[in-house]
DNA sequence: GTGGTCTAGACCACC
DNA sequence: GTGGTCTAGACCACA
């Protein structure tokens, strides 16, 4: 895993987990890797994974069974969707729209850039 | 001024200045507020404004006359436009498109959110 | 059984057993459920029950006949009563009284809460 | 400061802060000691204080101004009172009442123990 | 100066 | 084995 240096690693790990939930790779009630396993696979310190898990637990997305491990919460997908959507609409979109206006980019151009982008990644 | 907590304050101040330049409120050769004035009006520490001004100076958007003040650079508008556009296309758009896909937001919905947004700010 | 997350599970199981002894559901000399039976009915790992039984055995409340099972000790009720009373007066009450003062709860309110509580559990 | 070994130190520090808020030693809007100062006065590692501050910030009791410090939140006293009361009623009272019933302690005796207790501490 | 992140490693209670 | 706590110390961005 490569980490973007502008975002805390523990949040980037949370992003990966959220993505797994949103894509339904990980479903409600399933156990997720233990802190130590995750730390090895993500190549970080266990404390960093612990922070990720605490972060997600505080938001009700995962929960913990003492001495056993962490599990995907019941409404994890909904909660994640809501959380990410809120973040997106609150933090990203205003800047996006402001930039589009300032840089004179309209929806047609945005759509064009989108097609270019998806073209590249296929 | 309200600051978003996910972006460094000095960058948010830089955004405001860039916006003034792009909207041609502030034109090439004009003097901009002193660090102290800006600090007062923006309710931040003068050091924070200094950082903003250094940041913009390094990018050739403003320049400094020692003991006199800071001024808008000659090609400031062009440079700002290029800088912001590059940043936008390189950094913002890929994240945008990825989030749209993940959160199941299409262009129609984006446009709807855009209209809501501009509705609110008018 | 639902477990309070602020108290170790093995102690909560011990509490249940002590309650049975105090209420004279389980009397001196009677055999109590095997570790495995208890683990099933309490939905925990047998090791956790073992820990409970060791804890109670160390305090002379239950005893073990190897290969046969665990039994309620001779003076179990008295010992339990003494043990719990001591714990209660030494550990719980000081915290209780301090909290009552800090949270501005007096005996009348405590009594009211008590009546609410017993209302709920009947 | 002496720490009870049954409760995490970072929570005991949080308790002290909450007590200061409840007793109105620290009022809304006031700055509280920096992480490093608190770490020295509490004789713990700064990371432990950071955990305390995060814990309280997540509950809306304190807030943070970047690079400046932590402050008591606007409704801190109310929130603290509500938080502690909830904890008390949810976690402590049920055990209390259960113990009182099991140990055959009624409100009169409880009041007597209370008077003894306050007698001792005066 | 402030807080935030991360690592390394120890120790603990608990399952 | 699991997670939770705490320490020590480094490094960073920010005010």
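Residue numbers (the working numbering), protein chains in the order written: chain A, 959 to 1080; chain B, 959 to 1080; chain C, 959 to 1080; chain D, 959 to 1080.
Positions of the beta carbon are idealized from the N, C-alpha and C atoms, including for glycine.
Please list the residues of the stretch 984 to 1013 of chain C that have a C-beta atom closer than 9 Å to any C-beta atom in chain A, keeping them in chain order. 1003, 1006
Partner residues on chain A for residue 967 of chain C, Cβ-Cβ distance less than 8 Å: Your numbering for residue 967 of chain C matches position 9 in the third chain. By Cβ distance, chain A contributes 1024.
Reduced DSSP secondary structure (H/G/I, E/B, other) of residue 1063 of chain B: Residue 1063 of chain B sits at position 105 when you count from the first residue of the second chain. Residue state, collapsed to three classes: coil.
Counting pairs of Cβ atoms below 8 Å between the stretch 996 to 1012 of chain A and the stretch 962 to 978 of chain A, do you hit three or more? yes
First and last residue of the uninterrupted alpha helix (DSSP H) at residue 1035 of chain B: Residue 1035 of chain B sits at position 77 when you count from the first residue of the second chain. Here the alpha helix (DSSP H) through residue 1035 of chain B covers 1034 to 1045.
Under three-state DSSP, which class holds residue 1077 of chain C? Residue mapping note: residue 1077 of chain C aligns to position 119 of the third chain, counting from 1. Residue state, collapsed to three classes: helix.
Does chain A have any CB closer than 7 Å to the CB of residue 964 of chain B? In the second chain, residue 964 of chain B corresponds to position 6, counting from 1. Closer than 7 Å to some Cβ of chain A, the Cβ of residue 964 of chain B qualifies, so yes.
Pair within 7 Å by beta-carbon distance, residue 1020 of chain B and residue 1013 of chain B: Taking the second chain and counting its residues from 1, one reaches residue 1020 of chain B at position 62. Taking the second chain and counting its residues from 1, one reaches residue 1013 of chain B at position 55. Contact flag unset, no.
I need the straight-line Cα distance from residue 1072 of chain D to residue 1059 of chain C, nearest angstrom please. Indexing the fourth chain from 1 puts residue 1072 of chain D at position 114. Indexing the third chain from 1 puts residue 1059 of chain C at position 101. Cα to Cα, the separation comes out at about 11 Å.
Output the distance between the C-alpha atoms of residue 1042 of chain D and residue 1008 of chain D, rounded to the nearest integer angstrom. As a working note, residue 1042 of chain D is residue 84 in the fourth chain. As a working note, residue 1008 of chain D is residue 50 in the fourth chain. Rounded to the nearest angstrom, the two C-alpha atoms are 21 Å apart.
Applying the 10 Å Cβ sphere with the 16-neighbour rule, what's the burial state of residue 989 of chain C? Working through the third chain from its first residue, we reach residue 989 of chain C at position 31. Its Cβ having fewer than 16 others within 10 Å, residue 989 of chain C is exposed.
From B/982, B/1067, B/959, pick the residue whose C-alpha is nearest to that of residue 1035 of chain B; which is it? Stepping through the second chain from its first residue, residue 1035 of chain B is reached at position 77. The residue with the shortest Cα to Cα distance from residue 1035 of chain B is B/982.
Start and end of the beta strand (DSSP E) containing residue 962 of chain A? Here residue 962 of chain A refers to the residue found at position 4 of the first chain. First-last for residue 962 of chain A: undefined, no H or E at that position.
For residue 1042 of chain B, which residues in chain A fall below 8 Å Cβ to Cβ? Along the second chain, read from residue 1 onward, the residue named residue 1042 of chain B stands at position 84. Ordered by position in chain A, the residues that pass the 8 Å Cβ test against residue 1042 of chain B are 1057, 1060, 1061.
Report the start-end ranges of each alpha helix (DSSP H) in the stretch 968 to 1024 of chain C that is 4 residues or longer and not cut off at the edges. 993 to 1000, 1004 to 1016
Would you mind reading off the limits of the beta strand (DSSP E) that contains residue 1026 of chain A? Looking up residue 1026 of chain A in the first chain gives position 68. Premise fails: residue 1026 of chain A is in no beta strand (DSSP E) and is neither H nor E.
For residue 1037 of chain D, which residues of its own chain have a beta-carbon under 8 Å away from its beta-carbon, when the five flanking residues on both sides are left out? Residue mapping note: residue 1037 of chain D aligns to position 79 of the fourth chain, counting from 1. Excluding residues within five positions, the ones whose Cβ falls inside 8 Å are 1017, 1018, 1019, 1031.
Whole angstroms is fine: what's the gap from residue 1061 of chain A's alpha carbon to residue 978 of chain B's? Start at 1 with the first residue of the first chain, and residue 1061 of chain A comes out as number 103. Start at 1 with the first residue of the second chain, and residue 978 of chain B comes out as number 20. Cα-Cα distance, rounded: 13 Å.
Report the rounded CA-to-CA distance for residue 1064 of chain C versus residue 964 of chain C, giving the unit in angstroms. If you number the third chain from 1, residue 1064 of chain C lands on position 106. If you number the third chain from 1, residue 964 of chain C lands on position 6. Using only the alpha carbons, I get a separation of about 25 Å.
What does the Cβ neighbour count give for residue 967 of chain A, buried or exposed, with the cut at 16 atoms within 10 Å? If you number the first chain from 1, residue 967 of chain A lands on position 9. Buried, because 16 or more other Cβ atoms sit within 10 Å of the Cβ of residue 967 of chain A.
Against chain C, does residue 1049 of chain D count as a neighbour if the rule is that its beta carbon must be under 7 Å from one of theirs? Within the fourth chain, the letter at position 91 stands for residue 1049 of chain D. Yes, because at least one Cβ of chain C sits closer than 7 Å to the Cβ of residue 1049 of chain D.
Among the residues of its own chain, which have a CB less than 6 Å from the CB of residue 970 of chain C, if the five just before and after it don't count? Residue numbering aside, residue 970 of chain C sits at position 12 when the third chain is read from its first letter. Within the same chain, residue 970 of chain C has close Cβ partners 961.
Below 7 Å on C-beta distance, what does residue 977 of chain D contact in chain C? As a first step, residue 977 of chain D must be located in the fourth chain, where it is residue number 19. Here the neighbours are 1060.
Using a beta-carbon distance below 7 Å, is residue 960 of chain D in contact with chain C? Here the question's residue 960 of chain D lines up with position 2 in the fourth chain. No - not a single Cβ of chain C is within 7 Å of the one on residue 960 of chain D.
Straight-line gap, residue 1025 of chain B to residue 993 of chain B (C-alpha atoms, nearest Å): Residue mapping note: residue 1025 of chain B aligns to position 67 of the second chain, counting from 1. Residue mapping note: residue 993 of chain B aligns to position 35 of the second chain, counting from 1. Taking the straight line from one Cα to the other gives about 12 Å.
Contact list for residue 982 of chain D against chain C, beta-carbon separation under 8 Å: Within the fourth chain, the letter at position 24 stands for residue 982 of chain D. Result: empty, since nearest Cβ-Cβ is about 12 Å, beyond 8 Å.
Please identify the residue among B/1022, B/1045, B/1055, B/1077 whose C-alpha is closest to the C-alpha of residue 1077 of chain A. As a position in the first chain, residue 1077 of chain A is number 119, starting the count at 1. Nearest option by C-alpha distance: B/1055.
Give the interface partners of residue 1069 of chain C over in chain D, defined as CB-CB distance under 8 Å, in chain order. The residue you call residue 1069 of chain C lines up with position 111 of the third chain. Going along chain D in sequence order, the residues near residue 1069 of chain C (Cβ under 8 Å) are 1065.
Quick check on the burial criterion: 16 or more other C-beta atoms within 10 angstroms. Buried or exposed for residue 959 of chain D? One-based indexing of the fourth chain puts residue 959 of chain D at position 1. Answer is exposed; the Cβ neighbour count stays below 16.
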